[in-house]
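Following the numbering used here, the numbering of the sequence shown begins with 119 at its first residue and continues without gaps.
For reference, the structure is listed below as structure tokens.
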Amino acid sequence: VDYGTEGKKIGVIAHIDIVPAGDGWTYPPFEGRIVDGKLYGRGALDDKGPLVASLYAMKAIKESGMSLKNHVRCLIGCDEESGMRCAKYYLSKEEQPWGGFSPDGEFPVIFGEKGIYRFKCSDEWEQPENEDRFRIIKIEGGTRMNVVPETAAAVLQGSVELLALAERLLDQYNPEGRITLEQEGDKLVIKAQGMSAHSSMPWQGVSANNLLLNFLRRMPLTPSAAEQYIYALADLFADGHEGKGLGIACSDEVFGQLTLSLGVLNVDSKGGSASFDLRYPSLGEREALWEKISEACKARSLKLTLLQDKPGLYVPQDSEMVQCLLRAYQETSGRKEGPITIGGGTYCRTMKNFVAYGPVFPGQKELAHERDEYISIDDLILCTKIYAQALYSLMK
């Protein structure tokens with residue numbers, strides 16, 4: 119969507135694709151219901167609401183009739199959540215804008231994004247029969263790598279005595295009552311109930327995969343490659359979200375703590391696959407970090423596959439773009455906070471001189487990828503005013 123043709127091209131890039139809605143919403147996730155001044159729905163905050171705010175900001179500038187030196191183009195993407203292939207395709211066909219912003223982060227303005235590794239740990243096996251141990255039938259948890267999994271379940275087969283043992287183990291380990299057991303004949307179904315969150319902020323959620331693995335590591339599983347796989351995952355990845363089990367926990371003053379989330383887990387009688395989302399401080403040595411991960415997985419006989427490698431983003435705080443957007447935010451909102459960094463990954467890392475800019479205000483909880491996602495109408499209107507001021511400043 120374009121306005122104007124003169125001068126430099128200023129860009130706004132947002133997305134309309136979403137992550138799965140999941141269950142347990144108070145209001146239907148695709149109805150767009152307004153309750154108490156809040157617009158509820160999957161994508162209301164990430165990123166359809168901010169996209170609409172950006173379009174109305176462009177409309178306000180157009181209707182003002184002001185004579186401006188530069189022009190603006192709003193790019194609407196459809197693959198931000200799954201690899202940003204749309205942005206890469208666009209750049210293969212069109213010239214990149216001079217600079218701009220993505221309304222897909224936080225205010226005041228984001229000058230840095232953590233680097234991202236997404237990878238898979240897998241193995242294959244044949245399980246032997248053993249009446250004295252549980253045999254793994256199936257394990258499933260999570261739907262997307264960039265979402266902290268809300269539910270996970272394991273189906274095991276074992277004797278009556280083993281089923282009784284599982285009940286006793288539940289008395290010893292059941293954080294906040296989030297694990298339940300169900301008996302179906304000679305099968306035991308173990309369910310873990312977590313709380314979803316964006317994988318860049320795993321501390322805001324509870325990983326059902328981690329809960330399940332930490333319970334399974336206490337279970338007497340049939341000695342096999344499957345058993346060793348589960349124990350390896352539990353040891354290396356289920357100890358919180360800072361990478362301590364891998365020996366890669368680190369932080370810096372600019373980007374903060376490294377985070378790690380086991381997003382998708384699938385295991386059956388023939389093999390297993392676990393997919394991870396890792397966010398690391400962008401000023402660190404990324405190659406050395408990957409080498410540590412490789413060595414830790416090799417030591418536990420895990421097949422490691424790199425799925426995505428996204429170097430981080432860093433735009434100096436004193437740059438023209440960051441300072442222009444910061445002034446627009448401060449002058450319009452009346453607030454005085456300074457630039458920040460995030461763990462999330464936006465379209466900005468695919469283009470030069472782009473930074474993320476709203477819609478989440480300082481002190482607000484990030485609701486992207488969570489159930490009951492919403493944006494307040496007041497915030498949506500304020501975002502529109504801030505974006506209009508920012509675009510005017512960049513275009514004049």
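Where is the CB? At the ideal position from N, CA and C, for every residue including glycine.
All values derive from a computational prediction rather than experimental measurement.
Could you say which of V382, V372, G365 lies nearest to A406 if we only look at CA atoms?
The residue labelled residue 406 in the question sits at position 288 within the sequence shown. Among V382, V372, G365, the Cα nearest to that of A406 is on G365.
Is Y465 helix, strand or coil by DSSP?
Your numbering for residue 465 matches position 347 in the sequence shown. Y465 falls in the helix class under three-state DSSP.
Nearest candidate by alpha-carbon position, reference V273, set V385, Y174, T123, R160
Here residue 273 corresponds to residue number 155 of the sequence shown, with the count starting at 1. The candidate whose alpha carbon is nearest that of V273 is V385.
Alpha carbon of N327 to alpha carbon of D250, nearest angstrom:
Position 209 of the sequence shown, counted from the first residue, corresponds to residue 327. Position 132 of the sequence shown, counted from the first residue, corresponds to residue 250. A direct Cα-to-Cα measurement between N327 and D250 gives close to 25 angstroms.
By the three-class DSSP mapping on this structure, what secondary structure does T261 have?
In the sequence shown, residue 261 corresponds to position 143, counting from 1. Here T261 sits in coil by DSSP.
Member of I194, I134, Q311, P320 whose CA lies at the smallest distance from the CA of G142:
Here residue 142 refers to the residue found at position 24 when the sequence shown is read from its first residue. Comparing Cα positions, the closest option is Q311.
Which one or two residues does DSSP pair with N384 in a beta bridge?
Residue 384 sits at position 266 when you count from the first residue of the sequence shown. Per DSSP, E258, S391.
Considering only their Cβ atoms, is the gap separating Q214 from M469 smaller than 8 angstroms?
Counting from one through the sequence shown, the residue named residue 469 turns up at place 351. Counting from one through the sequence shown, the residue named residue 214 turns up at place 96. Contact flag set, yes.
Within the chosen definition, does the segment 291-308 reach the segment 354-364 through at least 3 CB pairs nearer than 8 angstroms?
No, the segment 291-308 does not touch the segment 354-364.
Check each candidate in P399, K256, Y492 and name the one with the smallest Cα separation from G430.
Within the sequence shown, numbered from 1, the residue matching residue 430 stands at position 312. Among P399, K256, Y492, the Cα nearest to that of G430 belongs to P399.
For H329 versus L306, is the C-beta spacing smaller than 8 angstroms?
Position 211 of the sequence shown holds residue 329. Position 188 of the sequence shown holds residue 306. In the sequence on display, residue 329 carries Leu and not His. The answer is no: Cβ separation not under 8 angstroms.
Provide the residue span of the beta strand (DSSP E) that contains Y349, from first to last.
Sequence index remark: in the sequence shown, residue 349 carries index 231 (1-based). Per DSSP, Y349 belongs to no beta strand (DSSP E); it is in the alpha helix (DSSP H), 343-355.
How big is the Cα-Cα spacing for D490 and R151?
As a first step, residue 490 must be located in the sequence shown, where it is residue number 372. As a first step, residue 151 must be located in the sequence shown, where it is residue number 33. CA-to-CA, the gap between D490 and R151 works out to about 11 angstroms.
Residues of its chain near S318, where Cβ-Cβ distance is below 6 angstroms and the 5 sequence neighbours each way are ignored:
The residue labelled residue 318 in the question sits at position 200 within the sequence shown. For S318, where only same-chain residues beyond five positions count, the Cβ hits under 6 angstroms are R397, G461, G462.
Answer with buried or exposed for P293, where buried requires no fewer than 16 other C-beta atoms within 10 angstroms of its C-beta.
Here residue 293 is taken as the residue at index 175 of the sequence shown, counted from 1. Classification of P293: exposed, given that the 10 Å Cβ count is below 16.
Give the range of the alpha helix (DSSP H) segment to which C442 is assigned.
Here the question's residue 442 lines up with position 324 in the sequence shown. Note, C442: alpha helix (DSSP H), 438-451.
Backbone CA spacing between R445 and E242 [nearest angstrom]:
Translated into positions along the sequence shown, residue 445 becomes position 327. Translated into positions along the sequence shown, residue 242 becomes position 124. In this structure, the straight-line span from the alpha carbon of R445 to that of E242 is close to 56 angstroms.
Ordered along the chain, which non-local residues of its own chain (more than five positions away) have a Cβ less than 7 angstroms from that of M505?
Translated into the one-based positions of the sequence shown, residue 505 becomes position 387. Sequence inspection shows Tyr at residue 505; the Met mentioned does not correspond to that position. Here the set comprises A171, S172, A175, P221.
Among I257, R262, V265, nearest to A271 - alpha-carbon criterion:
Taking the first residue of the sequence shown as 1, we reach residue 271 at position 153. Closest by alpha carbon: I257.
Taking the runs of the beta strand (DSSP E) that are 3 residues or longer, which of them lie wholly in the segment 173-235?
As far as the segment 173-235 is concerned, its whole beta strand (DSSP E) runs of at least 3 residues are 189-195, 217-220, 228-231.
I411: first and last residue of the uninterrupted alpha helix (DSSP H) it sits in
On the sequence shown, residue 411 is found 293 positions in, with the first residue counted as 1. Looking at the DSSP string, the run of the alpha helix (DSSP H) that includes I411 is 404-417.
Below 8 angstroms CB to CB, which residues in the same chain sit around A162 once its five sequence neighbours on both sides are set aside?
In the sequence shown, the residue the question calls residue 162 occupies position 44. Only G150, E491, Y492, I493 meet the Cβ criterion.
Do V382 and G323 have their C-beta atoms within less than 8 angstroms of each other?
Position 264 of the sequence shown, counting from 1, holds the residue named residue 382. Position 205 of the sequence shown, counting from 1, holds the residue named residue 323. No, they are not a contact pair.
Which of helix, strand or coil does DSSP assign to Y145?
Here residue 145 corresponds to residue number 27 of the sequence shown, with the count starting at 1. Looking at Y145 - three-state DSSP - the assignment turns out to be coil, as it is neither helix nor strand.
Might you give, ordered along the chain, the residues of its own chain that have their beta carbon closer than 7 angstroms to the beta carbon of T144, omitting 5 neighbours on each side?
As a position in the sequence shown, residue 144 is number 26, starting the count at 1. Answer for T144: D490, listed in chain order.
How about I254 and C196: are their beta carbons less than 8 angstroms apart?
Within the sequence shown, numbered from 1, the residue matching residue 254 stands at position 136. Within the sequence shown, numbered from 1, the residue matching residue 196 stands at position 78. With contacts defined by Cβ atoms closer than 8 angstroms, I254 and C196 do not form a contacting pair.
Mark Y465 as exposed unless 16 or more other C-beta atoms lie within 10 angstroms of its C-beta, in which case mark it buried.
What you label residue 465 is simply residue 347 of the sequence shown in a count that begins at 1. When all chains shown are included, Y465 counts as buried.
Inter-residue spacing [alpha-carbon to alpha-carbon] between G456 and G276:
Residue numbering aside, residue 456 sits at position 338 when the sequence shown is read from its first letter. Residue numbering aside, residue 276 sits at position 158 when the sequence shown is read from its first letter. Approximately 58 angstroms, taken between the alpha carbons.
Where Q290 falls, given that 16 or more other Cβ within 10 Å makes a residue buried:
Reading the sequence shown from its first residue, position 172 is the one you call residue 290. It is exposed - the Cβ of Q290 has fewer than 16 other Cβ atoms within 10 Å.
Locate the beta strand (DSSP E) running through I504, then write down its first and last residues.
Numbered from its first residue, the sequence shown carries residue 504 at position 386. From DSSP, I504 is part of no beta strand (DSSP E) but of the alpha helix (DSSP H) over 495-513.
Buried or exposed: which applies to E345, given that a residue is buried once 16 or more other Cβ atoms fall within 10 Å of its Cβ?
What you label residue 345 is simply residue 227 of the sequence shown in a count that begins at 1. Burial state of E345 is buried, judged by a 10 Å Cβ sphere holding 16 or more other Cβ atoms.
For K187, count neighbouring Cβ atoms within 10 angstroms of its own Cβ and tell me buried if that reaches 16, exposed if not.
Walking along the sequence shown from the start, residue 187 turns up at place 69. Classification of K187: exposed, given that the 10 Å Cβ count is below 16.
Do C204 and L420 count as a contact pair if the criterion is CB distance below 8 angstroms?
Within the sequence shown, the letter at position 302 stands for residue 420. Within the sequence shown, the letter at position 86 stands for residue 204. Contact flag unset, no.
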